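Chemist: With the UniProt record's numbering as the guide, the letters of the sequence shown map in order to residues 1 to 149.
Note that the Cβ used here is the ideal one computed from N, Cα and C, for glycine as well.
Since the structure is predicted, the reported quantities are computational estimates derived from the model, not experimental observations.
Structure incoming, see below.
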Amino acid sequence: MSVRIRFILTGACPPSYSGKQVQLNFPLEDENGAPTTTAHLKQLIRTQWPENMSEMKEVVEKTEMRVLKTGNLLSDDTQIRSVLTATELSECSINPSAEGSGRADEDQKSVLMHLVFQSNQSQGRQRDGTAGGGRRDNASHDSGCCTML
1 MSVRIRFILT GACPPSYSGK QVQLNFPLED ENGAPTTTAH LKQLIRTQWP ENMSEMKEVV
61 EKTEMRVLKT GNLLSDDTQI RSVLTATELS ECSINPSAEG SGRADEDQKS VLMHLVFQSN
121 QSQGRQRDGT AGGGRRDNAS HDSGCCTML
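Have a look at this one:
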């Protein structure tokens with residue numbers, strides 16, 4: 001069984017893509033029967049990235065991603081099935097025998113998650129490593145995934 005997941009893009013991605021949504025289908029188990037984890041989900045995102053968003057392909061391939069569901073950060077070993085509600089499983093799942101029939105993709109329900117792109121952590125640490133304790137005097141603070149002013 002697979003599930004439709006709609007991601008809202010945020011973080012260190014081009015401003016024209018921030019807030020955009022992308023919907024992808026993911027299996028809840030791999031071909032060996034092992035449950036799909038967040039780490040596997042990220043790998044699938046990289047390989048299944050939509051062609052109509054090709055400008056983001058390099059960002060997706062090279063940038064660290066974090067996945068959030070209902071405001072909670074999912075660790076890489078989190079099983080995707082474990083964070084889905086019974087309603088999401090029934091309404092957002094894709095039955096392999098029924099694929100290609102029924103409603104258009106935009107009419108079908110999907111699980112909502114946030115995909116946060118994080119800038120390179122080593123670059124952020126180099127910027128923060130100033131003399132005098134490493135704290136910058138200006139009001140800007142780099143959190144690694146967004147800049148807080």
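#1: Do the segment 24 to 34 and the segment 62 to 77 touch if we need at least three Cβ pairs shorter than 8 Å?
#2: Are there 16 or more other CB atoms within 10 angstroms of the CB of residue 178, so buried, or fewer, so exposed?
#3: Residue range of the beta strand (DSSP E) that V67 falls in?
#4: Roughly how many angstroms separate the alpha carbons of G19 and L115, rounded to a whole number?
#5: Skipping 5 residues on each side, what residues in its chain have a beta carbon closer than 6 Å to that of W49?
#6: Just list the residues that DSSP pairs R6 with in beta bridges.
#7: Please classify S82 as buried or exposed, where buried requires at least 16 neighbouring CB atoms within 10 angstroms.
#8: What does the alpha-carbon distance come out to for the pair L9 and V67?
#9: My output table needs one value for T37: the three-state DSSP class, helix, strand or coil.
Modeler: Based on what the coordinates show:
#1: no
#2: In this structure the chain extends from 1 to 149, so residue 178 is not present and cannot be described.
#3: E64 to K69
#4: 10 Å
#5: K57 and V60
#6: Its beta-bridge partners are Q23 and L112.
#7: exposed
#8: Take the alpha-carbon of L9 and the one of V67: they are about 10 Å apart.
#9: The answer is strand: DSSP assigns T37 an E or B state.
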